[in-house]
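Colleague: Okay, here's the structure, questions in a sec.
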Amino acid sequence: MELSLSFGAVGDIIAICGLIKGIVAALDDAHGSAKHYQNVIEHLNIIARTITEVDRILQSQSRISELDNLHSLAVSTIGQIGETLGAFDAKITKFSPSLSQSGSGNIFRDRARKVQWKIEERDVNRLHLEMMSYSSSLQILLQTTSLHLVQHGHSETYGRLDSVMTQTGTLVKGETQVFRQYVSQIKETLSRRIGFVIKIGLGLKKTTDRILAIALDLGKEL
Numbered sequence: 016m017e018l019s020l021s022f023g024a025v026g027d028i029i030a031i032c033g034l035i036k037g038i039v040a041a042l043d044d045a046h047g048s049a050k051h052y053q054n055v056i057e058h059l060n061i062i063a064r065t066i067t068e069v070d071r072i073l074q075s076q077s078r079i080s081e082l083d084n085l086h087s088l089a090v091s092t093i094g095q096i097g098e099t100l101g102a103f104d105a106k107i108t109k110f111s112p113s114l115s116q117s118g119s120g121n122i123f124r125d126r127a128r129k130v131q132w133k134i135e136e137r138d139v140n141r142l143h144l145e146m147m148s149y150s151s152s153l154q155i156l157l158q159t160t161s162l163h164l165v166q167h168g169h170s171e172t173y174g175r176l177d178s179v180m181t182q183t184g185t186l187v188k189g190e191t192q193v194f195r196q197y198v199s200q201i202k203e204t205l206s207r208r209i210g211f212v213i214k215i216g217l218g219l220k221k222t223t224d225r226i227l228a229i230a231l232d233l234g235k236e237l
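Counting in the working numbering, the sequence shown runs from 16 upward without gaps.
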């Protein structure tokens, strides 16, 4: 499925969430594989919730010019997510009938497909790594946005943002000293993840670096 993302268009976000729903259903339908794919399914669901909230938060704050760079990064990151999911969806579509518990009706074809699927399970592992990294990048983007919103007194929007970050396992406190420590922690965390990020492509690393640079700039003002 090919996506042309114009960030903020409801249809685009729905399309990506639809891809996620379809992929999750396919992985759930793979006989005996639901538990094996539990982690990747969890990250896919987190991605779906997060991109919906990123869209809503940044669109509601579209008049704040200082968020333009974050808006641009959100477009880029979510566009990459859409492309990654679309490519994976195209790969697994051919396996779906044979992997279901009922099968396709052709026992020999089903066996061949399942053997081939096992060989290509590395694609699922790669998707898991990519979704983990995209999830981290989006969380950093949300955290960076929260730095700006608190700094400029947008407490209501920050409250919604804080709730989303709690759901994804990330909580940013609203005190100046904590924010300074947090910016330092982002830098340290990113340094530990550099090797991991390189494995899934320099493009994603560049996106994360740009988000980090904005976070550090905002941190200097606190």
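Every residue, glycine too, gets a C-beta built ideally from N, C-alpha and C. Just so you know, these numbers come straight off a predicted model, no measurement behind them.
Roughly how many angstroms lie between the CA atoms of Y149 and L142, to the nearest whole one?
Modeller: Near 10 Å, if we compare the C-alpha coordinates of L142 and Y149.
Colleague: Helix, strand or coil, according to DSSP, for E98 in the structure here?
Modeller: E98: helix per DSSP, three-state reduction.
Colleague: Could you tell me whether the Cβ atoms of I56 and I31 are closer together than 8 Å?
Modeller: Contact: no.
Colleague: Please look up how many angstroms separate the CB atoms of T92 and L34, rounded, as I've assumed it's under 8 Å.
Modeller: Contact flag wrong, Cβ pair sits at about 15 Å.
Colleague: Count the other CB atoms within 10 Å of the CB of A41; is the residue buried (16 or more) or exposed (fewer)?
Modeller: That one is buried.
Colleague: Rounded to whole angstroms, what is the Cα-Cα separation between I38 and D104?
Modeller: Cα to Cα, the separation comes out at about 6 Å.
Colleague: So, using beta-carbon positions, are I107 and D70 closer together than 8 Å?
Modeller: Not closer than 8 Å, so no.
Colleague: When you compare each of Y52, E136 and V90 to L153 by their alpha carbons, which one comes out closest?
Modeller: When only C-alpha atoms are compared, the closest one is V90.
Colleague: Take N54 and list the residues in its own chain whose beta-carbon comes closer than 7 Å to its own, dropping the five residues that flank it on each side.
Modeller: Excluding residues within five positions, the ones whose Cβ falls inside 7 Å are H143.
Colleague: Using only alpha-carbon positions, find the residue among S161, E145 and L162 that is nearest to I62.
Modeller: Nearest option by C-alpha distance: E145.
Colleague: Below 8 Å on the Cβ atoms is my contact criterion, and I expect T159 with I72 to pass it. Report the Cβ-Cβ distance as a whole number of Å.
Modeller: Incorrect: roughly 12 Å between the Cβ atoms, too far for contact.
Colleague: Using only the alpha-carbon positions, how far apart do M147 and E68 sit?
Modeller: Using only the alpha carbons, I get a separation of about 17 Å.
Colleague: Tell me the DSSP secondary structure of E136 in three-state form.
Modeller: DSSP places E136 in coil when its eight states are reduced to three.
Colleague: Could you name the residues of the same chain whose beta carbon sits closer than 6 Å to that of T99, not counting the 5 residues immediately before and after it, in chain order?
Modeller: Counting only Cβ-Cβ distances below 6 Å, and skipping sequence neighbours, we find E145.
Colleague: Taking its Cβ as the centre, do 16 or more other Cβ atoms sit within 10 Å of S75, making it buried, or is it exposed?
Modeller: Flag for S75 reads exposed.
Colleague: Do you know how far the Cα of G97 is from the Cα of N84?
Modeller: Their Cα atoms are separated by approximately 20 Å.
Colleague: Which word fits S87, buried or exposed, when buried means at least 16 other C-beta atoms lie within 10 angstroms of its C-beta?
Modeller: So S87 ends up on the exposed side.
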